[in-house]
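Data first, discussion second: the structure below is written as structure tokens.
Residue numbers (mature numbering (1 follows the signal peptide of the UniProt record, and there is no 0)): -28 to -1, 1 to 164.
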């Protein structure tokens, strides 16, 4: 059994209009069923309470991170974000249960997020008796084509007309870099 610990928006890569994959498993750790790890790592806004409190954690931290990811995908921001890491951790420890959600998140996704982000890992959706099937059967995901996802042939919910493969009109614009960095010629890699 694996725990990825660091699921977040920046760890998702769009390979095509219909395929998004998880990348960057730098904090992933293989642990056995029923085992825990005590490694403190992860992006602060996505860290589960049991990691902060050093209680030991298992794959249930991934369900917490999934809830944070869904929230961020719907709003553009994670639910817990302070001016520094300690403030962020304190907000996480206060919990999501009493937090007011923005109106743009409707009842069903809010219910899913709250169930994924339970303070007690044994109460998190995905970590209950039916495992991940509880997430798949959540009413917000009712009618989702799980077989299409598995086969990687789902149509994209967001259709954009592009003028060609180099059309960047839907990306943020940045000023061009001034100058080209000098070539690295120190020879540090000569023995590779």
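Idealized CB from N, CA, C, for every residue including glycine.
(message) Quick check on DSSP: helix, strand or coil for residue 94?
(response) In this structure, residue 94 counts as helix in the three-state DSSP scheme.
(message) In the DSSP assignment, the alpha helix (DSSP H) including residue 105 goes from what residue to what residue?
(response) Segment 105 to 108, the alpha helix (DSSP H) holding residue 105.
(message) When you compare the segment 64 to 72 with the segment 95 to 104, are there three or more beta-carbon pairs, one atom per stretch, that lie closer than 8 Å?
(response) Contact annotation: the segment 64 to 72 does not touch the segment 95 to 104, with fewer than three C-beta pairs closer than 8 Å.
(message) Short of 6 Å in beta carbon distance, which residues of its chain neighbour residue 50, apart from the five on each side in sequence? Order them along the chain.
(response) Only 17, 40 and 44 meet the Cβ criterion.
(request) Could you tell me if residue 36 is buried or exposed, where buried requires 16 or more neighbouring beta carbons within 10 angstroms of its beta carbon? (result) By the 10 Å Cβ count, residue 36 comes out buried.
(request) Give the secondary structure of residue 168 by DSSP, where H, G and I count as helix, E and B as strand, and everything else as coil. (result) The first residue shown for the chain is -28 and the last is 164, placing residue 168 beyond what the model contains.
(message) Please classify residue 24 as buried or exposed, where buried requires at least 16 neighbouring CB atoms within 10 angstroms.
(response) Buried, by the Cβ-count rule.
(request) Please report the residue range of the alpha helix (DSSP H) in which residue 118 lies. (result) Run containing residue 118: 118 to 123, per the alpha helix (DSSP H) assignment.
(message) For residue 140 and residue 84, what's the separation of their Cα atoms in angstroms?
(response) Those two C-alpha atoms are separated by around 34 Å.
(message) Quick check: the Cα distance between residue 115 and residue 131, rounded to an integer number of angstroms?
(response) When rounded, the distance between both Cα atoms is 20 Å.
(request) Between the Cα of residue 94 and those of 9, 13 and 22, spot the shortest distance and give me the residue it belongs to. (result) When each option's Cα is compared against that of residue 94, the closest is 22.
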